[in-house]
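*Asks:* Sharing a structure below in structure tokens format, with a few things to ask.
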Amino acid sequence: AHPGREGRVVVMISRTTGISLFLAAALAFGGLGCGDDFLPASYLNGLRVLALVADPVEIGPADRVTITPTVYLPDGENLISQHWSFCPFSLGPTTGYECAVPACEVSLPWDENGVVNPIPGVLVLSCIDEFAAEDLEGVPSEVPDRVEVYFSYRIASSTGEEREAVLKLGLWTMGPPAELNQSPVVSFMSIDGTPVQPGTIAGSVTEEQEVEIRVQVNPESLDEYTDQAGNLRTEEAIVSFYSTAGRFEYDRVSGTDARVSWKAEKLEPGQTEAEVYITVRDLRGGQVVFGPVTIPIIQ
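Numbering (this note's numbering) for the sequence shown: 343 to 641.
Written out as structure tokens, the structure is:
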């Protein structure tokens with residue numbers, strides 16, 4: 343097991359070394375608000391993993407998956423280390439998704455962009471073949487039709503900040519069904535009614551000015567699934583908002599038509615623009631990043 347795992351939260355939550363599990367979760371999801379003691383989770387002022395995007399989101403036993411990290415780094419900083427690992431069987435959320443069999447947790451190679459491209463089914467079977475006969479807790483003697491496997495991504499910046507993010511992925515061990523889960527698709531984003539695209543510059547605002555940011559998710563990209571109780575459900579889009587300056591009315595909104603207010607307030611000296619990012623998650627491994635969109639600020 344790796345040191346410091348108590349700060350790890352599944353489905354792409356980044357943490358700072360030494361922060362407790364509860365505090366990391368509360369900050370990441372905006373659960374503590376933005377009082378005097380804490381910056382809101384939506385405020386990007388340091389190293390952050392915004393998403394781990396898997397393609398495809400669900401896989402069969404022989405399928406290869408590509409996982410691409412989206413990392414925010416402030417100007418002048420760079421990554422000094424990164425590390426990927428794979429765990430076939432987790433102990434669950436109460437342990438911060440600790441690997442059930444540490445010997446089955448393996449490091450993965452990544453390319454210059456931090457992208458990994460493993461075949462998880464091979465890694466799962468390798469773990470079972472080696473340890474199932476030893477009757478170790480956490481290693482099933484028979485492989486279920488579907489298991490959830492976990493990928494951990496740990497990084498450090500040149501300023502000494504560290505973050506870790508975890509992605510949960512569905513693996514169909516006997517062969518994938520006809521329809522697999524897909525990632526949500528952002529069909530539209532606007533700032534005060536003007537459509538914007540990643541990499542574009544929006545209209546300028548003055549200090550203390552407030553604008554509406556609207557994000558629409560294609561409903562057809564949200565899949566139906568059967569929950570553990572056997573009920574047929576449709577995924578819910580969870581939209582998270584981030585910016586490098588100013589403040590949002592809310593950090594997160596659920597639904598396919600998400601609207602929040604952003605205000606050019608609580609600016610730091612010299613802040614003349616805000617970079618805005620949004621992420622959309624379906625809470626079943628599918629996620630997407632949209633941004634950055636730059637908002638010039640006239641002080």
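Quick reminder that beta carbons are idealized off the backbone N, C-alpha and C, glycines included.
#1: With a threshold of 16 other CB atoms inside 10 Å of the CB of Ala367, please say whether the residue is buried or exposed.
#2: Judging by CA-CA distance, which residue of Glu447, Met531, Val553, Ala383 is the nearest neighbour of Cys429?
#3: Taking the beta carbon of Glu607 as the centre, do at least 16 other beta carbons fall within 10 Å, making it buried, or is it exposed?
#4: For Ser532, which option in Leu433, Glu506, Ile620 has the closest C-alpha, if you only look at C-alpha atoms?
#5: Does the region 395–407 come close enough to the region 612–628 to have 3 or more Cβ pairs within less than 8 Å?
#6: With C-beta atoms as the reference, is Gln558 less than 8 Å away from Phe590?
#7: Would you identify the three-state DSSP class for Asp397, choosing helix, strand or coil?
#8: Any C-beta of chain B sitting closer than 8 Å to the C-beta of Val553?
#9: With Val629 as the anchor, note down where its beta strand (DSSP E) starts and where it stops.
#10: How many Å lie between Asn387 and Pro486 at the Cα?
#11: Quick check: what's the CA-CA separation for Thr636 versus Ala587?
#12: DSSP three-state label for Ser563, please.
#13: In whole angstroms, what is the alpha-carbon distance linking Gly414 and Tyr584?
#14: I need the DSSP call for Leu509, collapsed to helix, strand or coil.
#15: If you follow the beta strand (DSSP E) that Ile422 is in, where does it begin and where does it stop?
#16: Whose C-beta lies closer than 6 Å to the C-beta of Ile461 among residues of the same chain, with five residues either side of it excluded?
#17: Look up Asp471 in the DSSP assignment and say whether it is helix, strand or coil.
#18: Could you tell me which whole beta strand (DSSP E) segments of length 3 or greater appear in the region 537–588?
#19: Along the chain, where does the beta strand (DSSP E) containing Phe530 start, and where does it finish?
#20: Go ahead and pull the three-state DSSP assignment for Pro462.
#21: Tell me which residues share the same chain as Pro638 and place their Cβ nearer than 6 Å to its Cβ, disregarding the 5 neighbours each side in the sequence.
#22: Are Trp514 and Arg488 touching if we call contact CB-CB under 8 Å?
#23: In the structure shown, what three-state DSSP assignment does Pro451 receive?
#24: To which residues of the same chain is Cys469 closer than 6 Å at the C-beta, ignoring the five residues directly before and after it?
#25: Give the DSSP-derived three-state secondary structure of Thr437 in the structure shown.
#26: Between Val527, Pro382, Leu389, Pro611, which has its C-alpha nearest Glu506's C-alpha?
#27: Cutting at 7 Å between CB atoms, please list the residues of its own chain near Ser427, excluding the five before and the five after it.
#28: Roughly how many angstroms separate the alpha carbons of Val508 and Arg601, rounded to a whole number?
#29: Identify the continuous beta strand (DSSP E) that holds Val443 and give its terminal residues.
#30: Taking the alpha carbon of Val464 as the point to measure from, which residue in Ser582, Asn455, Glu440, Val491 has its own alpha carbon closest?
#31: Buried or exposed for Thr412, going by 16 or more other Cβ atoms inside 10 Å?
*Replies:* The short version:
#1: For the purposes of this step, residue 367 is taken as the residue at position 25 of the sequence shown. Low confidence applies to Ala367: its pLDDT is 40, below 50, so where it sits in the model is not reliable, and the reading given next is rough at best. That one is buried.
#2: In the sequence shown, counting from the first residue as 1, residue 429 sits at position 87. The shortest Cα separation from Cys429 among Glu447, Met531, Val553, Ala383 belongs to Glu447.
#3: Counted from its first residue, the sequence shown places residue 607 at position 265. Burial call: exposed.
#4: The residue you call residue 532 lines up with position 190 of the sequence shown. Nearest of Leu433, Glu506, Ile620 to Ser532, Cα basis: Ile620.
#5: yes
#6: Walking along the sequence shown from the start, residue 558 turns up at place 216. Walking along the sequence shown from the start, residue 590 turns up at place 248. It is not a contact, given that the beta carbons lie outside the stated cut-off.
#7: On the sequence shown, position 55 is the one that residue 397 refers to. Three-state result, Asp397: strand.
#8: No chain B appears in this structure, which consists of one protein chain only.
#9: As a working note, residue 629 is residue 287 in the sequence shown. The question names Val, but residue 629 in the sequence shown is Gln. Here the beta strand (DSSP E) through Gln629 covers 629–640.
#10: For this step, residue 387 is matched to residue 45 along the sequence shown. For this step, residue 486 is matched to residue 144 along the sequence shown. Taking the straight line joining both Cα atoms gives about 43 Å.
#11: Here residue 636 corresponds to residue number 294 of the sequence shown, with the count starting at 1. Here residue 587 corresponds to residue number 245 of the sequence shown, with the count starting at 1. Each residue's Cα considered, the two are about 10 Å apart.
#12: Numbered from 1 along the sequence shown, position 221 holds the residue referred to as residue 563. Helix, per DSSP.
#13: Locating residue 414 in the sequence shown gives position 72, counting from the first residue. Locating residue 584 in the sequence shown gives position 242, counting from the first residue. Looking at the sequence shown, residue 414 is not Gly but Tyr. Cα to Cα, the separation comes out at about 10 Å.
#14: On the sequence shown, position 167 is the one that residue 509 refers to. Leu509: strand per DSSP, three-state reduction.
#15: What you label residue 422 is simply residue 80 of the sequence shown in a count that begins at 1. Taken as a continuous stretch (DSSP letters only), the beta strand (DSSP E) holding Ile422 covers 421–429.
#16: As a working note, residue 461 is residue 119 in the sequence shown. So the qualifying residues of the chain are Arg406.
#17: For the purposes of this step, residue 471 is taken as residue 129 along the sequence shown, with counting starting at 1. Three-state result, Asp471: helix.
#18: 552–559, 566–568, 574–576, 580–585
#19: By one-based count along the sequence shown, residue 530 stands at place 188. 528–533 is the extent of the beta strand (DSSP E) around Phe530.
#20: For the purposes of this step, residue 462 is identified with residue 120 of the sequence shown, where counting begins at 1. Note: Pro462 maps to helix in three-state DSSP.
#21: Residue 638 sits at position 296 when you count from the first residue of the sequence shown. Contacts found: Ser546, Glu615.
#22: Taking the sequence shown and counting its residues from 1, one reaches residue 514 at position 172. Taking the sequence shown and counting its residues from 1, one reaches residue 488 at position 146. In this structure, Arg488 lies closer than 8 Å to Trp514 by Cβ.
#23: As a first step, residue 451 is located in the sequence shown; it is residue number 109 there, counting from the start. Pro451: coil per DSSP, three-state reduction.
#24: Indexing the sequence shown from 1 puts residue 469 at position 127. These residues qualify, in order along the chain: Pro430, Cys446.
#25: The residue you call residue 437 lines up with position 95 of the sequence shown. It is helical.
#26: For this step, residue 506 is matched to residue 164 along the sequence shown. Answer by Cα proximity: Leu389.
#27: To locate residue 427, count along the sequence shown from 1; it is residue 85. Result list for Ser427: Glu447, Val448, Ser449, Leu450, Ser494, in chain order.
#28: Mapped onto the sequence shown, residue 508 falls at position 166. Mapped onto the sequence shown, residue 601 falls at position 259. For Val508 and Arg601, the distance between alpha carbons rounds to 27 Å.
#29: The sequence position of residue 443 within the sequence shown is 101, counting from 1. Val443 -> no beta strand (DSSP E), and no H or E assigned at all.
#30: Position 122 of the sequence shown, counted from the first residue, corresponds to residue 464. Val464 has its Cα closest to that of Val491, out of Ser582, Asn455, Glu440, Val491.
#31: Residue 412 sits at position 70 when you count from the first residue of the sequence shown. Thr412 should be labelled buried.
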